[in-house]
Structure formats: structure tokens, C-alpha cells
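Asks:
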Amino acid sequence: MNHEAFGLSANLFAFLDWHGFFFLLFAGVACVAAVMVVLSDNVVRMALHLVLSLGATAGLFFLAGAEFVGAMQLMIYVGGTLVLLVFGVMLTAQTQLVALRTPAGDRVIAGILAAAILAVLLQAAFSVESWQKPGQGVAAAPRATPLGMALVGVRVDQVAEEKLGQPKNGYLLPFEIVSVHLLVVLVGAAYLARAKRRQVPRPVEIVASTDSLKPRPSGVASATLVSGGPK
Amino acid sequence: MTCLLFGVVSVSHYLVVGAILFTCGVICMALKRNALGVLMGIELVLNGANINFVAFGSEYLAGDGESVLGLDGEVMALFVILLAAAEAAVALAITLNFYNNHATVDVDRADDLHG
Amino acid sequence: MTAAQLFPILLGIAWLIPLASFVAILFFGNRMGDHGKGAATVATSAIGVSFFLSLITFFAWVMAGHEVSSPHHDDSHASVHRTYNDTEQSVQAVVFRSPEHGDAGGSHASGHGEAVVPASYSGDWYTLYESGTLRLSIGWYIDSITVLMFVVVTFIATCIHFYAAGYMHDELHDVTDSEVRLATGEPLHREGRFPRFFQALSLFCFSMLGIVIAGNLAMVFIFWELVGICSWFLIGFYFERHSASTAANKAFIVNRVGDFGMLIGLMALWGGLGTLQFGDSVSSATGQVEPGLFELVRPAENHHEQQVPDGLVAFAAADQIEKMVAANPSSGELSREVAAAVPDWREQGYGRWLLFVAGLGIFCGCVGKSAQVPLFVWLPDAMEGPTPVSALVHSATMVAAGVYLVGRFFPVLTPDVLLVIAYTGGLTLFIAATIAVTATDIKRVLAYSTVSQLGYMMLALGVGGWVAGLFHLITHAFFKSLLFLCSGSVIHACHTNDMRKMGGLLKVMPYTGWTMLIGCLAIIGAGVPFVLGFSGYYSKDAILAQALLFSRTNPQHSILYLAVAGGAFITAFYMFRLWFMTFAGSPRDQHVFEHAHESPRVMTAPLVALAIFAVAAGWALPGGLGVESLLEQARPAGTAETITTAGILGSITLPAEHESHSGAIHVTATLTAFLTALSGVLLAAAMYLKPLISPVAVAHAARPIYTFLVHRWYVDELYNRIFVLPTLGLARFVAAIDTQLIDRFINSLAWIARQIATVDAWFDRVIVDGIVNVAGSVTWKAGLELKRIQTGNLRQYVMFIVVGTVAIFVLATLLFRTSFAG
Amino acid sequence: MAEFLIETIGLPPWLSWTAIAGLSAFLILNVIAGGALVFIWAERKIAARIQDRLGPTRTGGRFGWLQSLADGIKLLAKEDLMPDGADVLLFRIAPYVSFCASFCAFIALPFAFDVVGQRLNVGVFFVVAVLGLEVFGVILAGYASASKWSLFGAMREAAQVVSYEVPLGMCVVVPVMLAGSMDLVTIGEKQAGWASNWFIFHDPFTFIIFWVYYTCALASVNRAPFDLAEAESELVAGFHTEYSRLRWSFFFMAEYGSMFLVSALAAILFLGGWNGPVPISQLLGLSDGMAVDAPYVLRLLGCLNLFVKATAGVLVMMWIRWTLPRLRIDQVMTTCLKYCTPIAAVMFAGVMLWQLLLPGGLVAGSFRNAAGVREGWLEQSNSGELDSEGSMSGTIPSRRIVEVSR
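Chains as they are written, first to last, in the working numbering: chain A, 1 to 231; chain B, 1001 to 1115; chain C, 2001 to 2822; chain D, 3001 to 3406.
1. DSSP three-state call for D2034/C: helix, strand or coil?
2. One question on the structure: do A3344/D and I3209/D come within less than 8 Å of each other, judged by their Cβ atoms?
3. Could you pull the start and end residues of the alpha helix (DSSP H) that R2500/C belongs to?
4. Runs of 4 residues minimum, wholly inside the stretch 2328-2397 of chain C: which ones carry the alpha helix (DSSP H) assignment?
5. Could you check what DSSP says for Q3331/D in three-state terms: helix, strand or coil?
6. Just curious, the alpha helix (DSSP H) that G3142/D is in, first and last residue?
7. Ends of the alpha helix (DSSP H) at R3223/D?
8. Let me see if you follow: with CB-CB separation under 8 Å, is G2822/C close to chain A or not?
9. Look at the alpha carbon of F3335/D and the alpha carbon of D1111/B, and state the distance between them as a whole number of angstroms.
10. For Q2590/C, count the other beta carbons within 10 Å of its own beta carbon; 16 or more makes it buried, fewer makes it exposed. Which is it?
11. From S2245/C, S2281/C and L2136/C, pick the residue whose C-alpha is nearest to that of I2222/C; which is it?
12. Could you spell out the range, first to last residue, of the beta strand (DSSP E) harbouring A2646/C?
13. Closest to L172/A by C-alpha separation, out of L54/A, G188/A, G105/A and R155/A, would be which residue?
14. Indicate whether F2376/C and A2432/C have their beta-carbon atoms separated by less than 8 Å.
15. Give the single residue among M2799/C, G2776/C, W2713/C and A2812/C whose Cα lies nearest to the Cα of T2438/C.
16. Which one of L2234/C, G2770/C, L2649/C and N2328/C has the shortest CA to CA distance from A2164/C?
17. Whole alpha helix (DSSP H) runs in the stretch 2564-2597 of chain C with 4 or more residues, listed along the chain?
18. Report the three-state DSSP secondary structure of I2789/C (helix, strand or coil).
19. For the stretch 1097-1110 of chain B, which residues have a CB atom closer than 9 Å to at least one CB atom of chain C, in sequence order?
20. Answer yes or no: do Q3191/D and G3272/D have a C-beta to C-beta separation smaller than 8 Å?
21. Look at the alpha carbon of L3178/D and the alpha carbon of F3199/D, and state the distance between them as a whole number of angstroms.
22. Assign P2343/C to buried or exposed, taking buried as 16 or more other Cβ atoms, counted over all protein chains shown, within 10 Å of its Cβ.
23. Where does the unbroken beta strand (DSSP E) through Y2126/C begin, and where does it stop?
24. Can you check which of these residues, S2178/C, L2201/C and D2280/C, is closest to L2019/C by C-alpha distance?
25. So if DSSP puts V1978/C in a beta bridge, which residue, or which two residues, is it bridged to?
26. The beta strand (DSSP E) spanning E2632/C covers which residue range?
27. With distances taken Cα to Cα, identify the nearest neighbour of L3069/D among A3036/D, L3090/D and Q3051/D.
28. Can you find the residues in the same chain that come closer than 7 Å, C-beta to C-beta, to A1035/B, ignoring five residues on each side of it along the sequence?
29. With DSSP as the reference, please indicate the residues paired to Q2277/C in a beta bridge.
30. Could you tell me which chain B residues have their CB closer than 8 Å to the CB of T2813/C, listed as they occur along the chain?
31. Taking three-plus beta-carbon pairs below 8 Å as touching, is the stretch 2476-2483 of chain C in contact with the stretch 2626-2635 of chain C?
32. Would you call the stretch 44-62 of chain A and the stretch 3098-3113 of chain D in contact, with 3 or more CB pairs under 8 Å?
33. Looking at the C-beta of A110/A, does it have a partner C-beta in chain C at a distance below 8 Å?
34. Do three or more CB pairs link the stretch 3228-3240 of chain D to the stretch 3300-3318 of chain D at distances below 8 Å?
35. On a Cα-Cα basis, can you pick out the residue from V1009/B, V1090/B and V1045/B that is closest to L1060/B?
36. Can you name the start and end residues of the beta strand (DSSP E) that L3066/D belongs to?
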């Protein structure tokens, strides 16, 4: 029970390749969830699908041997989206909730654009030979320590190329910048979101002015919380 | 894309997944009128980019021996994640402000600055 | 601690303490007591402490037992040698000059007993600037004159501080100066300036002591100017009075004239010799001893005979050196060749003029400072200052500084210069004395007597009476300050300077009267011939003797002796004229007489103290302990012998001073002095005590001479014509050029500029602004059109972005036939 | 073990890998479920004792040790309710999300040396991250069950867990720093030897920070006194008010599972993991420090150690629960932001300085314990992580590592 269980030794005879299987699984989950995010109107549903998609992506990272990034993805991204979710619920649960439907025209245009950009990206994805060659299946070296070293400015993975000493090799400066940036962002967010004297919200009619105000079940307390869930 | 079940995955596969996520994110941004939806779209986009980074950085997927980006790919992915978190925080704060002022999270209502 | 270490420290402290009190009073003066009463205490105690330290130094010097550098008795070399060794072991920076010093310096063959070097200590406290041989430093040159001058100056200054504390008490509260009328007609009413006075006084003491202790000419010059500025402050103390301010300016400007010459002398010396140090100094850069001015001019290997120093010779022979350079431009050779060639250049007389000019220049400074002809006009006006100032600054110390400098600089002065000095002194003493005869302002009389006494000193120095001149300087300092203080006390009592309003004051103010009598006796050199006398008796006799000797040795200059003798007579006359008019007889002005009163203790005590010294300063105590013998210790090397030189002004013989002690000369001189003085006194008595001869009648009889003297030889008017009026005319002319030509021209320029500006403004308004406005309006319209695109719809923007991205991709792929990813 | 299957029995590799994976999954599942049963029973008894009661006595003998089983059966028998207007999908999947989260966390949790579902070299990180996902299910449940109680409970829990992630992470970083690796196995091995090698005894700061960690863990699995999510006095039962039957039991299992998980994590990070206070094995000479080859007996012994420690932790949690009153939400936040976080930060700095100033620990060389040899290969594997080819690494099976080290 170790890494190879995920098929790092795929060159062995196997008619079922666990690695491929898990890749298909995660990739499928990620893509489907992403599509679902686009399709669903309910914020909480969207968040759920988003979390699924991100989690699956984390799985993909693990498959690709980037364990640290995967764990990071799980912790920060999923945590972050969790907060997103909470906010979504809190905000949308406040007012009488209306599904903000987008006009059909926008959907069409967006679909066309999506097709175009997807085409472009796919063309780019398949434009290089070496990218399509199947991986050699080398046991990926765990990257935690080299990552840590790189973040403090030493590239142990480049000892071979004697670039060890070169300062601009490491990531010390970007790391510091990012951390300061995070701090600033935290302060700024706290400042932006600080409790202000709420002026009376505008009447809801304007919000609901779009033709998509759904008839809601009789005003049960719970009903206020249920956005356009499938009924 | 042939017989994934029987072949080892290559970089391109990851790129495809990244592309799909990216596209979904873009559409999400373009379609959702809910500010939080837009945020989620952004997260998706960043995530798609991340997948590409990791794919290029992964040695395991490297078609011929060594990977394109090597360690840099993962480091960049890390930075992208961090910045995404930061962005989420600020964007949420902004959304909250917006909600405080307009009593809604409908981005179409945020056109006070239209020409 | 050896003497060599002790003296600089003691005197240095004594020198700096007045500075401290100056700074203290400058910053906290007004906070000392009410109206700064404490300032007097501070300043007085400061100068008192320096007096105390100077006394200690004095006794230390006497204990050190330096030998008298006169040709007879060479026995005390051993002691000198010992002292020298002490210094040698103790401090390197200090150079003690003595014959053996030559051996240590390895510069001359020892054993020249007859040319004895005076005991002197020189060294530097602080080096301002040093590069190569050029060196500016704050240093000391201490010999017996220095010590003596310290004692004298600090003592007199102390007395005068005490005196002034009483004299200036008006300044303690608000003053109503009746001599200044405001435009509205009522007298000026101002607040007192008590601290200011003592602040200036302290600064003056500091500067004066600085001159005395200075180790090099540059330092002398610095403090020279400092005393100048102090005297400016003090003369102009009542600067609201127009007379006072003009007098201050006059003193300062006239001194400028002299200092200009002094600067020339300094430049000549520095340019030629590269050093201004008096004594030898140890350079901090290279440990060896660098010769000072004295060593250079009177080198030891030359038996201290005066000669033109090599530097000056080379300096003067620049053209020769250029020839050499032209001959063979290899520098290494050059220096040696020059060194070789210097002696015969000296024979050819190169550099003699330079030395002459240098000495003359320095003397110019002295002329200005100690009020010699032709620059003596400022001193009488300087009496506008408060009387203590006149006593300290303008009789005892500052004006004596010129004489002191000549004495200090004596070794460098060539006989020619000395002759010039002698004649200047003679002229001065005669003119001043004659003017004093007719003056009626008590202080002016004293001022002119000061001038003439200074003339005496100068003359004495000029005829080679080095000791005589300085001796008279010291004694004169005592009795002249005494006289001034007395006059001050008189003025204090009568509130007027005019002797014609006084008379019979002896009864009301006995202290002042008797002490002033002592002063008068001292200044006329009264005494029982060959037995005992007032201080003036000794010094004046020495001068007379030296002058007599000089006129004997070179008869063509015998007029100098006549000047001296006549001066003695006139001095006696006008001094007793002053005393009789003031104290004797019956009061001429009852009103003044009734208000007259004896001055307070604080003023009379200094009078008594000074009177004692005025009597006894000249006495020689047993054991060679007297001013004269002390001065002998400082006699510059090589000036003790009779020297005959064929100078620029013809051949001159400087008689050795000790020869003037020889019987014949001495007796003659003493008797002459006695008789002249006696006759002067008798004449004065006849005219003013017992009206045998009526002064008015004399004035009538000799009206032209009388008016001539009353108008002070018309010197002021002369200067006014020669200098002032032309200067003003020139100024007017230049001003006219300025207003008529330059201003016109500039105005026309401005006018042209304005015309151009109008055109430019039109261009700016119409064309430039037009373009800008057009651009602005175009942008505005474009903005109006374009703003439609900005719908403010977020999702639309996203779509725009996507479209743009895709477009870029496609374009890149199509145009560059490559995909971004590839 | 997989090698064992392949080489001796000769199964095809894929099948053997699958089998092993399934086996480990099964084992972990049983650990959770069985643990839940035991813990529920234990909690009843402990609560009873603390409240001076007897607790369950009848069911299955006089200790009532079958009580929780009976409860399970009752749960299965109950009716499956779903509130009207609930978001059906979310309502359904919420419990599974929670359970999966706490189950996935077990994957990277070593029970003894190399007895681990999947040895990740970012093990600690993984565990903490996945543990954070558990609350996700809770929120979904709270939202989906369309009831104010549930929603409030969920919100509280979300806020609480998200904010307690911060000090928790800080505390976890300390052992990582001490061991120089995020691999749980490595961390555990570093503490081999006498009890003095346990990180909790490494220096005063670690001792303090252990308790901080314990508090934060308590909060992040929202046990009392931090159990506002199911504050029965205010919110009927918090987020699982509307739940019943098996879904509810999944929540329960998830909770107890994560309790056990954090306790086990505490044990591994601070309490020496599977190493007993006394290094019996090498005292007996059973192993010359080669836990790699040491007979499986030793590994079982290690598992026993870990279970004992973890169980002790869980029991303490129960003890606390029945002793301390519940905090208000603001007090919870205050505890986190004003106390735990600063203390954790300061202790972190303290440990860092300690490491700098006396690297050997107080008693020099006490860190170089009897398992020096084992540390030897740990060093090697770490350096292997460092070296540029990346051919060798901590995640390569222990067998290979041993070969390398010999």
C-alpha cells in the first residue's frame, strides 16, 4: 500500500490502468462539476459543484505527483470556497430570494464565445508533439522539500546545473511579496467589510424587476432560505 | 485521447481538463448575475490555469524525460492559489459592500459608472 | 612639571578666561542680577583670575632664573642648559631657544658666548591649517616681555574693571542721554547697557592677551583685528551720539589703512619664507625643528647677525631662477644650484628690499594701531568712549600693542626700517605734544600726551633702545591709565570735560588730585637725579640716553635727540598745565565746583593701586629683579652689539644699548631730562598757578601758531581734503554712472522685454491656446461618442475580454503561422 | 504486503494492489465505525459517572456494552424523514460529504511505523486539510434542511471551524519544524526512544503548544465546550435537527471519527506516536532499531500504543464535555482570535529560537536516541528527497529504503 498502488508501475502488464482510471474519474468529476457550476442558478449548489470540481482538481494534482500543491488546493481553495459559500448563504438568505436569471441572448453569445475559446485552447493543447507523448511514468520525486527550499531561495533541484547560488533562481522574493500581499489583502478586506451603518435597502421590486420572479411556496420561514431548488 | 484506460496520461490530457475548466469559468463570469457566481467563475479560471501549470511542472507526465517547467510549475501554482485566496477575500469584501449599498448582489445593478 | 610646560598652560588659561566671561555675558548677561549687574562681577573676577595666574607665571619665571642676555656674564649658561634639557626630555612640541639649542638642532657651531639667545618658549596649541611648510597655528611665544605684559595688562585691566563697575553704574538703569536729541527735541531715553560694556571689555582683554602671547604673525594679525573691533565697540558705546559713532568708524577705518600695510608685510614674509612663526617650531608632520622668523633672519650660524633669509633672496631672485630653469630644466639639480647661488645673490642685495618692505609693512600696522603720524588722528576722537575704555584701551594696552609688536618683531627689522620708525616716532611725539599744549578738553590732553608718549617709545625702538622703548611702554601703561582714571573721576564729578570750567578741585577730591599729581610727576619723569625717581624717570632717561647715543654715533640724525628733549619739556608743560587748571587755583565755575564730589571707593581704590605702581614700576630691586633687567632677558639675539650697516637709507649705526649706560651719555641724558622737565613745570606754574604770564597774552602774541595748534595742525582738515572729499566725489561720479547709464540701459531692456512679452502673449492666447482647445474639444466629443460603449455591465466586459483574447489567438495563429502554445 | 501477494501467492499485480487498497479501506472503515460504537458507549458511561449515574447497565451484560449497537439497530429501524422544502440533493449527500471527509483523513494517518493507508510526504498537511472539509457537509446539511435551527448551527460551525483552522495550523507546524518533515511517519519516527524524545517534552514551548493544539482540535471537531453547532438549548439539535436514521448516524460516525483522528494526530505529533514511553523493543533487543524489518508484532505493538494514546485523548474530550459549560459564540471567537492564535504564534517563535539556541535539546544528544540507525536512513531518505534526480524519496516503499541504507 504505497504510491505505486496508483499505477506508477503502469509499464507492467495491466489491462486496467489505475492511473488512467483515476485520471478519468477526477477529470470527469472536475469537468462535470464545472459545467454544473455554470448551469445551476442556486448559489449554494454552485458552491457545492465548485468545491467538487476543485477537490477533483486536487486529486488530479496528486496524480500528477504534486502532492503539496494538491494539499494546498484542498486546504486553501476548498476552505476559501467554503467561506464563499457561507457568504453566499448569508447574503442571499437576507432578502426575499429571486433567482437572477440571465437573458437568453446572453446565454447564446456566451455559448458561442465559449465554443470559440475552447477551440482555441484545445488547438493550443494539441499543438505540441512532446505534450502528447505519454509520460514515462518515472516515480515523481516528492516535491515538498524542494518546494520549501525554493521558497526560501535555494533550488536544490538544480544542483546539477550549478544554479544553486544564483539568487534569481529561488523564489524568496516572490514568496515574501506574496506573504506581504496576503497580509495587506487581509487588512484591506477587513476594512472594506467592516460593519457600517446600513442605509435602508432599496425596495425589492427593483431587484425582482426581471421577469423571473418565481412563485414561492407560502411564506414558511424555511422557504426564504430555499433558493430555486428543484421542486 | 485514445484509450485512456490503457495508456498513460500525457500533458495534453491535463491541458484539456484545464481548458474545459477555464472555459466554464469564463462563461460563469459572463453569465452569472450573482456576484458570488462571478467570483466562482474567477476561481474556476484560476484553477484551470493551475492545472496547466502543474501539468507542465509534473515530471511524471513529462512526455520525454524531464518536465517543461520543472519545479517552477508547482511554485507558480502555489502562488496562483495564494493570490486566488487573496482575491477571494477582497472580492467578497467588495461584494459585501455592494450588498450593503444596493441590497442586492446582482452585478447588473452595479452600473452606476456607465457612460 | 617643567617651566616649558607650566608657562603655556598658565598663560593659556589666563588668556582664555576672559573669553569665557565674554561668552557667558554674551548669552546670559541680561540675566545676571537686575539689569545685568552681575556682569561686572563676572568680568572682573575673570580678569582677576587671569591676573593671579599671570602673577604666578611671573614669579615662576623669576624663580626659573633665566640669564640676562647681555654680553657680560656668560656664566649662567649651565642653568639655561639644564632648563633646556628639561624641556627636551619633557615636551617635544615646545622649543626652548638657547645657544645649546643650536647644537641640538645641529645647525651651528657652539661656543659663541657673546651672542646670547634670549630664553623663550614657543609651541602650538592648535594647528588651523598645514600643508608642506605653510602652517597656520594658534601657538605661544613666551619670553620675559610676554610675562611682563601679561602681568601689566591683566593688572591694569583688573583695576579698570573695578573702576568701571563704579563708573558705569548709570547704565544699570534706564539712561537719559542729554547729548542726543531726538527729532522731537527731547533727549534720548534708552535702557542701560551695563552687561554689554563688560562683555566688550572681556573680549578686549582676551584679544589683547592673545596679541601678547601670540606665537606667530598670523595669530597676531587675528587678535590685532579683534582688538580693533573691540575698540570699535567701546568707542561707539554711546552709539546714539553722532560724535561717538563717527569716532568709532574713524578709528576703525584709519586702522584699516595701517592693517593694509601690515597685510602686505605678512604676504611678503609668508611668500618668501613660508612661515610666520616667531620662534622655532617642531612640525607635527616631520619631527624635526623648523626655524622660525627670528632664526631665519638672524641665523645662529651667522652669530645672530641679521641677514636676508634665503627664502626671501630666492623669492626676490625669481628671474635668476627662471634663467637657471631655462639653462637646464632638471629639477633635482635646480634646488642644489639655487642653494649654492643664494649667498652671492644675497651679496648682490637680492631680497633686501623685500625684507625692508616686510618690516615697513608690519610697522604700518603698528602706526595705525598706536596712532603714529600720519595715522594718529583717530586716537583723540576715540576719547568719545567711556573713560575706563580710554584708560585701558586707548592709553595703556591696545595702543601699546603697536609698540609691543615692533619690539617683538625687532630682530626682523632692518636698520632702515628702524630709522623710519625713529623718525615717525620723533615726528609723532613732537606734533602730539604741541597739540596737547592748547587742548582744553582734559581727556584730549591726555590723549595727545598718549600719542606723544607712544612716539617716544617708537623713537626709542627706532634708535635701537629696545629695552628703553618697552620699559617706557610698561611704565607708561601704569601712569597713563592712572591719569586717565583720575580724569575720569574728575569728569564723573564735574560732568564736563572742559578744564576751563574746573579748578581748585583738590580740596573736594583729594584722592583723585594727589594720585593725579603722582601720575603727572611720573609722566614727566620726575625724580632726584641718580638717586631715586618715579617710574617715568627711569624709562624716559633710558630713551633720552639711547637717543643721545644714537645722535652721537650718527650725527646726521641728531635731530631725533632734539625732538626727544623738546618733547620732554612740552610734556612737562602741558601735563602740569592740566593739573594746575584742574586742581589748583580757585574754581572757575562755581556751579561745577559745588556739585563736584570725591568718587566712590570702588573708583578711588584703583587710583591708589595704580599710583603705587606709577611710582615704583621703574625701581630695580636688589638681585637684578626689576622690569629693566627682566626685559634684558628678552633682548633679541644679536641686538646687544653696535652694528653698522650701509642700508638703503645710507649708512646707519645702531649703538648697543648697554653703551648708553656709560657715564658720559647717562649723566648728560639724565640732566637734560631733569632740566627740561623742571623748566616745563616751572613754565606751567608761571602761567597757570601764579599768573605771572597770561596764557591769553601768549595766545595773542603767537596767534598764528596758536590757531594752528588749536586746529591740531589742520591734519583732520587735510585728510578731509585729500581723502574724504575725493572719495565722496568719486562715489557721486560712480553713482551718476549707475543711475544715468546702467539704470537707463536696464530699463530699456525691460521695455523691450515687455513688448516681446505682449507679442508672445498674443501668440499664446490665439495660437497655442487655440490648438490646445481644439484638441480638448475633439477629445471631449470623442469621449461623448465612446462612452456609449461603457455600459457598466460587468458581464459584458467579460465578454469583451474573451472576444479580445480569442481574436489575439486567432490573429497570432494566422499571421505568424504559429500558435501561442507552440 | 502487496509485494507479499505478488511474489508468494503470485496474484497479478493490479489485482493485488486492488486487494490491498480495498483491504486497507476496509480496515480504516472498521476503525471508524467500531470506534464510533465503542466511543458512544464510553461516552454514555463517562457522562453517567460524571453525573453520578450508572448509565447503560442492562444491554449485553452488566456494563451495557452492547448499548450503542442497539442504538444502531434502532437507528436503522427509524423512519427516514425529509422536511418539506428541503433541498433534496444537498440534504441527501451532506452526511456522506462529512463522513467522506473524516474517512479520507484517515488515509494518510499512520497507525504504526509504515502501517498507513497511503504514506504521503505531506501527510500532516493533507490530514488537516481534509479534516477541514468535514464542516462542508455540515453546512450543506444545515442549509439543505431548510430550517432556521439547522442554518444557524451550520453558520456557527462554519465560522468556528474556519477561524480555528488558523491556530490549529500554527500548532501543527511546530512538530513539522522539529522533525523537519511533513511526513507523519517521519515525525513519529523522530520521537522514537524514551519518552523524553516526545515532542511534547522537547521544550517548554512545545509543552504549552500541545494544549493549544488540543483546544483548537476540540473546537475544530466542535466538541464541547465548542459544540455550538448542536447547542440543544438554543438550536434544537443544530445542523442535524432534521436528520434521522442512517444519515444521522453517518454524522455521528463522522464526528467520532474526527475526534479519534485529531487525538491520533495529537498523539503522533506530540506524544511520540506509536513509540511507547520506554523503548521496550530495543531494550529486549527485539529490534536493533530496524523497525523496518522488525516483526509485525512490533508494528502491532505500535498500533496498540497509538490506539491507547488516541483513546486517552478522546476520553479526555468526553471528560471536558461533561465538565465544562458551553461557550457563547463570541466567547468562542475570542478564545480563537485573542488567545489561541497569539499564544500559538509566540510559542512557534519560541520553539524556533529554542531550536536555534540549543539544537541538541536541553540534554545534549538526548535527541540522538537508541533509534539512531533508523534515523540514519531517515536522514538518507530526506537527503534523497533533496537530491536532484529525485529517484529516491520518502514515499518509496520501506523495503527499498532499507536496501539503500545497507
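C-beta atoms are modelled at their ideal positions from N, C-alpha and C, and glycine is treated no differently.
Replies: The relevant details are as follows:
1. Helix, per DSSP.
2. It is a contact, given that the beta carbons lie within the stated cut-off.
3. That residue, R2500/C, is in no alpha helix (DSSP H); it is neither H nor E in DSSP.
4. Counting only runs of 4 or more, we get 2331-2348, 2352-2369, 2378-2381 and 2387-2391.
5. Correct three-state label for Q3331/D: helix.
6. Here the alpha helix (DSSP H) through G3142/D covers G3123 to A3144.
7. Counting along the chain, R3223/D falls outside any alpha helix (DSSP H), and DSSP gives it neither H nor E.
8. Any reading at G2822/C is ruled out, since the residue's pLDDT is 43, under 50, leaving its predicted position unreliable.
9. Checking the sequence, you will find Thr at residue 3335/D rather than Phe. Whole-angstrom Cα-Cα distance: 42 Å.
10. Q2590/C is classed as exposed because its beta carbon has fewer than 16 other beta carbons within 10 Å across all chains shown.
11. Nearest C-alpha to I2222/C: L2136/C.
12. First-last of the beta strand (DSSP E) with A2646/C: I2643 to G2647.
13. Each of L54/A, G188/A, G105/A and R155/A was checked against the Cα of L172/A, and the nearest Cα belongs to R155/A.
14. In this structure, the beta-carbon distance from F2376/C to A2432/C falls below 8 Å.
15. Nearest C-alpha to T2438/C: W2713/C.
16. L2234/C is the residue among L2234/C, G2770/C, L2649/C and N2328/C whose C-alpha sits nearest the C-alpha of A2164/C.
17. Those alpha helix (DSSP H) runs which fall completely within the stretch 2564-2597 of chain C and span 4+ residues are 2590-2595.
18. Looking at I2789/C - three-state DSSP - the assignment turns out to be coil, as it is neither helix nor strand.
19. Of all residues in the stretch 1097-1110 of chain B, only V1107, D1108 and A1110 come within less than 9 Å of chain C when Cβ atoms are compared, listed by chain position.
20. Yes, the pair counts as a contact, with Cβ atoms nearer than the cut-off.
21. If you draw a straight line from the Cα of L3178/D to the Cα of F3199/D, it is about 8 Å long.
22. Answer is exposed; the Cβ neighbour count stays below 16.
23. From DSSP, the beta strand (DSSP E) with Y2126/C extends over S2120 to S2131.
24. The residue with the shortest Cα to Cα distance from L2019/C is L2201/C.
25. A query on residue 1978/C cannot be resolved here, the shown segment of chain C reaching from 2001 to 2822 and no further.
26. In the DSSP annotation of this structure, E2632/C is not part of any beta strand (DSSP E); the continuous alpha helix (DSSP H) holding it starts and ends at V2627 to A2634.
27. Of A3036/D, L3090/D and Q3051/D, the smallest CA-CA separation from L3069/D is found for A3036/D.
28. Sequence-distant partners of A1035/B (beyond 5 residues in either direction) whose C-beta falls short of 7 Å from its own C-beta, in its chain, are T1095, F1098, V1105 and V1107.
29. In the DSSP output, where bridge partners are listed per residue, Q2277/C has N2216/C.
30. Within chain B, no residue has its beta carbon less than 8 Å from that of T2813/C; the closest one is some 16 Å off.
31. They do not touch, by the three-pair rule.
32. No, because fewer than three Cβ pairs between the stretch 44-62 of chain A and the stretch 3098-3113 of chain D fall closer than 8 Å, the two stretches do not touch.
33. A110/A counts as touching chain C.
34. As far as the Cβ criterion goes, the stretch 3228-3240 of chain D does not touch the stretch 3300-3318 of chain D, which means the pair count is below three.
35. Here residue 1060/B turns out to be Tyr, not Leu, going by the sequence shown. Nearest to Y1060/B by alpha-carbon distance, out of V1009/B, V1090/B and V1045/B, is V1009/B.
36. Note, L3066/D: premise wrong, no beta strand (DSSP E); not H, not E.
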